[in-house]
Structures are given as C-alpha cells and as structure tokens.
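So the protein sequences, as listed, match chains A and B.
With the first letter of the first sequence counted as 1, position 69 gets the number 69 in our numbering; the numbers rise by one all the way through.
Each number in our numbering corresponds to the 1-based position in the second sequence with 368 added.
We put the CB at the ideal spot given by N, CA and C, even for glycine.
From a predicted model like this one, the values you see are computed outputs, not experimental measurements.
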Amino acid sequence: MNAALQNNATTAMKLEGVSKLYGPVKALDNVSFELRKGEFLTMLGPSGSGKTTSLRAIAGFIQPSAGRLLIDGRDMTGVPPQKRNIGMMFQDYALFPHMTVLENIGYPLETRGIKRAEREKRSMQMLEIVGLAHCAARYPKEMSGGQQQRVALARALVFKPDIVLLDEPMAALDKKLRGQMQIEIMHITRQVGATVVSVTHDQEEALVMSDRIAIFKDGRLEQIGSPHELYQQPRSEFVADFIGEANLLHGKARITPDGVVVEGDGWNVSLPKEDPRGQAFTSTDNACVVLRPERIRAVAAGSPGVNAGEGVIEDKIYLGVEYRLVVRMNDGSKINVRSRDVTAISGMTAGDRIGMAWAPDDIVIIGA
Amino acid sequence: MNVSAQDGAVPVSARAPWPFRVPTAFWLIAPAVLFLALFFVFPLLRLVAISLPGGSVEYYEQIFTTPVFLRVIGETFRVSLIVTAVTVAVAYPYAYAMAHGGRTVLLLLTVALLIPFWVSLLLRSFSWIVLLQNSGLINDVLIAMGLIEKPIRLIRTPFGVMIGMVHILLPYAVLPLYTVMKKIDLRLVEASSICGASWLKGFIRIYFPLSLPGVAASAILAFTLALGFYITPALLGSPRDMMIAQMIAGQFNEQLNFGLGAALAVVLMVLTAIAFGLFGAARAVLQSRGRSKDGV
Numbered sequence: 001m002n003a004a005l006q007n008n009a010t011t012a013m014k015l016e017g018v019s020k021l022y023g024p025v026k027a028l029d030n031v032s033f034e035l036r037k038g039e040f041l042t043m044l045g046p047s048g049s050g051k052t053t054s055l056r057a058i059a060g061f062i063q064p065s066a067g068r069l070l071i072d073g074r075d076m077t078g079v080p081p082q083k084r085n086i087g088m089m090f091q092d093y094a095l096f097p098h099m100t101v102l103e104n105i106g107y108p109l110e111t112r113g114i115k116r117a118e119r120e121k122r123s124m125q126m127l128e129i130v131g132l133a134h135c136a137a138r139y140p141k142e143m144s145g146g147q148q149q150r151v152a153l154a155r156a157l158v159f160k161p162d163i164v165l166l167d168e169p170m171a172a173l174d175k176k177l178r179g180q181m182q183i184e185i186m187h188i189t190r191q192v193g194a195t196v197v198s199v200t201h202d203q204e205e206a207l208v209m210s211d212r213i214a215i216f217k218d219g220r221l222e223q224i225g226s227p228h229e230l231y232q233q234p235r236s237e238f239v240a241d242f243i244g245e246a247n248l249l250h251g252k253a254r255i256t257p258d259g260v261v262v263e264g265d266g267w268n269v270s271l272p273k274e275d276p277r278g279q280a281f282t283s284t285d286n287a288c289v290v291l292r293p294e295r296i297r298a299v300a301a302g303s304p305g306v307n308a309g310e311g312v313i314e315d316k317i318y319l320g321v322e323y324r325l326v327v328r329m330n331d332g333s334k335i336n337v338r339s340r341d342v343t344a345i346s347g348m349t350a351g352d353r354i355g356m357a358w359a360p361d362d363i364v365i366i367g368a
Numbered sequence: 369m370n371v372s373a374q375d376g377a378v379p380v381s382a383r384a385p386w387p388f389r390v391p392t393a394f395w396l397i398a399p400a401v402l403f404l405a406l407f408f409v410f411p412l413l414r415l416v417a418i419s420l421p422g423g424s425v426e427y428y429e430q431i432f433t434t435p436v437f438l439r440v441i442g443e444t445f446r447v448s449l450i451v452t453a454v455t456v457a458v459a460y461p462y463a464y465a466m467a468h469g470g471r472t473v474l475l476l477l478t479v480a481l482l483i484p485f486w487v488s489l490l491l492r493s494f495s496w497i498v499l500l501q502n503s504g505l506i507n508d509v510l511i512a513m514g515l516i517e518k519p520i521r522l523i524r525t526p527f528g529v530m531i532g533m534v535h536i537l538l539p540y541a542v543l544p545l546y547t548v549m550k551k552i553d554l555r556l557v558e559a560s561s562i563c564g565a566s567w568l569k570g571f572i573r574i575y576f577p578l579s580l581p582g583v584a585a586s587a588i589l590a591f592t593l594a595l596g597f598y599i600t601p602a603l604l605g606s607p608r609d610m611m612i613a614q615m616i617a618g619q620f621n622e623q624l625n626f627g628l629g630a631a632l633a634v635v636l637m638v639l640t641a642i643a644f645g646l647f648g649a650a651r652a653v654l655q656s657r658g659r660s661k662d663g664v
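This is how it looks when you write it as structure tokens:
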C-alpha cells in the first residue's frame, strides 16, 4: 500500500500563499507547498521562523490572515480543529493526566462515537504497535518521558488521521533517547502508513527522519526538498549553512573564454562553459561558494592552480578517523577542512601554509 | 544561647550541648501558636466547660429535644447547602474568565471581586436592604418597566438571605477555583479538540474533571463560612429564616443563658466538623474508585 501511494504521490495537503500577521509582524509570509500522501515532511528552521505557526495553522488552532489550506482537496478555512481529522503529538505530549493510558489513546475514538469495546480493542492494538501493551492501566505521570511520548504518538495515530502533526517531537527527551525515538517514530509512522508533518529546529533530527524537509526563515519557506537535494543543491547561503556543515566563501565572478571563474583572495573555482551553474553569471557579479569540509583535499602549499586555494592552518585536531583543520584564508575568513588523508596532513602543524583543492562537481555556487 | 545544629561543630563552645533541641522553625511560628492558644483554644475549652456545668449534659438534652432548635439547625444546613451550590455555580464561570480571559479581563474581574471584599460585611448587607426592599431599586425598576404592578417581596425572605450570602461568599469561592484553573494546561483542551472533541465534550471530559479540586475547595470554604453567617440573615431574613449563629447570639445577648448558648456553639462546631469529615471521606472514596475503575 505504501508503494502504491508513493507511485501515485497524491497530494494529502496543500498550502497556497498562506500568511499570518500578528499586528505588523509577519509570522508567515506567503508560504506554499504540497504534502504527498504517506510522506514524512519536516519543517525546519530557527525559532521564530514560522514553522510552528504553520503547524498550528494546519491543526486549525490559528486561522491564516491570507491564503488557503487544502486537505485532501477540501478547503479548510474556518474548519475547527475537531473537524479536520488530524492527529497531533504535542511538544510535551499533553496527555490527559486524569485518564489512563488506554483512555488517553481511546479518546479520539470516543469523540468519534465508537463504542467502548471497539475503542479498547483498537487502542490496545495501537499500544502494541508502540510497544507499551503492559502499561494500559497506568496514568501518564507514572511513566517515563519516552513512554509518554509513545502514548502521545499512539493517541495521534489511533483514528487513522489524514495527517499527523509532530510538534518538536524530541524537545522533551534527553539526548540519549532522542536518537532511539527518532528511528522508532519513523518506523511506527511508516508501519501505519501515516502522512506526517513534523516541526523541529534540529537539523540532524530532520535529516534522520524526513522524506522531505521544508526550511523556514523569517516566516518564509526558504527551500523544500529531500535531505539529499538540500545538502547537494542549497539555493541560499542560509540553507547551505543550516543543513550540514558548510564553508561559505564570498568572491566575484569573472567570465573567461573557457567558462566562469569565481575567485577571491587566494582561491578560485572554475566552471567549464557547458556547466549550467555558470551561465547565469555576468562579470563582476558577487557569488558565494559553498564548500563542504569533507570535500576539500589537502595538498602541498605553493602550487596554485584552478579549483584550489591556499591558507594558514590555525588549528589541527586529530579525531581518529580523520583530521579536522581550521584554515585562515588570506581575507581572514576561516574555513573547516575534514580529511582522512593522514599521510598528507600528519606532517603539517599549526602556522604552516596549506594548499587545498576541490572538484567543480563538489561545489555549489549561490548567486548573491 | 544559640540552639542551631551547627553550634556543636564550633570548637569554642566547650559546654555540653543544650539538651532539648528545638527546631529553629519553632521560634518563627511560636508567636502565632501562642496567640491561638491564648485567644482561641483556651476560650474554646472554656466554652465547652460552660456548656457542661458540673459535667451535666442538660443543655444538650434541651437542644436535641426542643423542636425549634432542631428546626433552626436543619434550616441552617439547608440554606448553607443551597447557598454553597449557587455560589460555586456562579463562581465557576467567573473564575474561568479570570483564569483564561487575558490580562485585562483578569484585572477588571479581580477589582470587581475585591472592592466589595474591602467594604465591611455590615455595610454590604445594608446595601442589599436598599436594593431589595419594597421601595428599593430592583422593585422600582421592575415597576417602572411595567413588568410588575406591586412590589415583589424580596427582603425578609429566604431568597433575600441567599442573595446576600451568595454575594458575600463569592470571592471566597472564586479564588480557590481561580488558583486551580490557572494551573490547568490549556494545551490539554487543544489536544482534546484535535482529538475530535467539541468544546462541550472537551469541557466535560477534560477541563471540568481537572478543575474539580478547585470546586471542592471552594465548596468547603463557602459551606463552612455559610454555616456561621450571622449579620446577613439577621438583616435580610425574617425571624423564620433564623440561622444557628443568630440563635447563639440570642442566648448570650438577650436570654443571658450562657450555658445553652455555649452548647449551641459546640453543636455547630461538631456538625461542621462532621460535614467536613463526610466531605473528605466522599472525596477519598471517589478518588480510590477512580483508581480501581481503571484496572483494565
């Protein structure tokens, strides 16, 4: 069934130019994207970027000032949360303290008028899926944070909602549990075939769990795509910096007979004529080059060439599997290099000049 | 003469430690304890002694064999129960608005609640006379609007007593409710609605059960205060609506029958304690049932 859904890739939800104003403050600014059925989408961004506002608008807790929200093709404007058939796991779970685990999970079924026996049967099935069948009679406060989270997840999934929302799912867990629960939530939501929208400010969590990531900044949707796309083809410095580790080098473009060269003080990137990335540039345009630390090769100093640079080693850190170097460029900016080329680096020390080289394919250029 | 625990560790003091270690906290509560012992516990014991002259229970016999006393005691409990129910019912939405209505609403409602609180009880009861009497504001307005022809009798009726009592008890009932409601996490209500519950369903299943400790606290407070009301029923009620406090005062002030008055006071106290105990027991039973019921 999952495969069929992915093949069809039908739309579960659509945001069309959604904005939300609080007085003069634009909490959401013209946000549009689509959510496919069965997909796990994470809205990622720093605090105040609009990701939580989007989530609350999807849930129906707030009404957008402009734009439309469609779920399964139906316009949700003015539809209250209880009529949206959406499941939600709250940041600190919002389990009902006066109800047992089983009653908590059964509550969405209760509100849908399902009889007690059927309710308990389905709640128990859900409890088994999240691995807490032995806790049915307990009260939320008698359980650990990780267990409470699974109960909250079960409550959000038990009625087979059209969409499941996860609000900062890992925020209330300690670091050790996070990694484990990330995988577990991913497995469980996949197992029941849920369509999930999650919110987080933790890029690693987003990378681990998501089919696609929507990056928010200042109320706007900055870029949406698979983790791979965002890492390989960030469209802005913000995205490049936010997903993974990135060195951002600012330089100027220069058109040459062979193509485009972007260069700064002591480094350059050369794109051949047929490379589409260079064709947008004219001479003297500012450009930003994104260099991933693990894509930089350390070479001997004093051999300048194309697609290369030079700097001074500030710090050299040995991490077992690799070296980490902090290199100061001629203009004073610093870049990180991660290299497993032990033979090339072991002889170098802080203060030495170092040469660096990279392949044009490993480089992303952002017009600035 | 320091008696704190650290003292023993100081080498300068070669003396044997003070043999009776009194916790430091004791000295903080000592003035209050002393005050209560002197001006509350002692007179109370005296009152009990007066009600039992020479160990005789004649006054208690008199109370429990005289219909008028029993009627007044019964009436006192009946009025107090009704007043408590009405007060809590009125206080609930008021406290809800205070807890969840935002800052401006909270400020306005708090001021509206507390200003009468600062006005003396006597003055407030008199004000109700002004409002409720046959030529009072309420009757005047109703007549002017043509809704009634002759004034309705509002004062010197149980209804008048109850209105006055509810008004005076309202702040006592609102504040414990507000304290509990303010702590209720509104995300639980959001969670209820995203689970598919209407506002009413969420209120019945989630909000109201969570506010019950506040309801209990405000009901207990209102009820015990209502049992001892004196001025308000005296001013707004008829002699038929007499409550037990008036009768006690009558025995002391008019009949000069200190023994009987003291016995009535003791009866009021004991009955209040029993009501308290029953309430506590009911709550304990409810809670334990709530627990065992969920043993799936």
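- Going by DSSP, A:Q223 is part of the beta strand (DSSP E) stretching over 220-225.
- With contacts defined by Cβ atoms closer than 8 angstroms, A:P64 and A:V25 do not form a contacting pair.
- In this chain, B:F445 is not harboured by any beta strand (DSSP E); it is covered by the alpha helix (DSSP H) spanning 435-468.
- In chain order, T455, V456, A459, S586, A590 place their CB closer than 6 angstroms to the CB of B:A541, counting only its own chain and leaving out the 5 sequence neighbours on each side.
- Residues L500, G528 of the same chain have their beta carbon placed closer than 6 angstroms to that of B:L522, with the five preceding and five following residues left out of the count.
- In terms of Cβ geometry, A:S333 and A:A298 do not form a close pair [threshold 8 angstroms].
- Counting only runs that start and end inside the region 285-337 of chain A, the beta strand (DSSP E) elements of at least 3 residues fall at 286-291, 297-299, 308-318, 323-328.
- Contact of A:R155 with chain B by beta-carbon distance below 9 angstroms involves A559, C563.
- With at least 16 other beta carbons inside 10 angstroms of its own, A:F238 counts as buried.
- Per DSSP, A:R119 has no beta bridge partner at all.
- For the C-beta of B:P577, the chain A residues within less than 7 angstroms are, from N- to C-terminus, H98.
- As computed with DSSP, B:Y428 is found in no beta bridge at all.
- Taking one beta carbon from each stretch, the region 73-90 of chain A and the region 553-563 of chain B have 3 or more pairs nearer than 8 angstroms; the two touch.
- DSSP places A:Y93 in the strand class (E or B) of the three-state scheme.
- When secondary structure is reduced to three states using DSSP, A:D167 falls in the strand class.
- Sorting B:E443, B:M466, B:P399 by C-alpha distance to the C-alpha of B:P544 places B:M466 at the top.
- Here A:P257 is exposed: its Cβ has fewer than 16 other Cβ atoms, across all protein chains shown, within 10 Å.
- B:L632 and B:F407 have their C-alpha atoms spaced approximately 20 angstroms apart.
- Within chain A, A94 have C-beta atoms less than 8 angstroms from the C-beta of B:D553, given in sequence order.
- Listed as beta-bridge partners of A:H250 by DSSP are A:C288.
- With a threshold of 16 other beta carbon atoms within 10 Å, A:V151 meets it and is buried.
- Exclusion of the five residues before and after B:L510 leaves I516 as the residues of its chain whose Cβ lies within less than 6 angstroms of its Cβ.
- Along the region 77-89 of chain A, going in chain order, the ones with a CB nearer than 9 angstroms to a CB of chain B are P80, P81, Q82, K83, R84, N85, I86, G87, M88.
- Judged by beta-carbon spacing, A:K20 lies within the 8 angstroms limit of A:T53, meaning their Cβ atoms are closer than that value.
- In this model, A:V289 and A:D29 are separated by some 28 angstroms (Cα to Cα).
- Taking a beta-carbon distance threshold of 8 angstroms, A:P108 counts as an interface residue toward chain B.
- Ranked by how close their Cα comes to the Cα of B:I574, the residues A:E168, A:Y107, A:R190 have A:Y107 in first place.
- In the DSSP annotation of this structure, the continuous segment of the alpha helix (DSSP H) that includes B:P399 starts and ends at 392-404.
- In the structure shown, the three-state DSSP call for A:F33 is strand.
- Rounded to whole angstroms, B:L578 and A:G179 show a C-alpha spacing of 34 angstroms.
- The alpha-carbon separation between B:P601 and B:L474 amounts to approximately 31 angstroms.
- A residue is called buried when at least 16 other Cβ atoms come within 10 angstroms of its Cβ; A:N247 meets this threshold and is buried.
- Going by DSSP, A:Y22 is part of no alpha helix (DSSP H) but of the beta strand (DSSP E) stretching over 11-22.
- Close partners of B:K550 in chain A (Cβ separation under 9 angstroms) are lacking, with about 16 angstroms as the shortest Cβ gap.
- At least 8 angstroms separates the beta-carbon of A:F281 from that of A:A240.
- In this structure, the CA atom of B:V487 is about 13 angstroms from the CA atom of B:L537.
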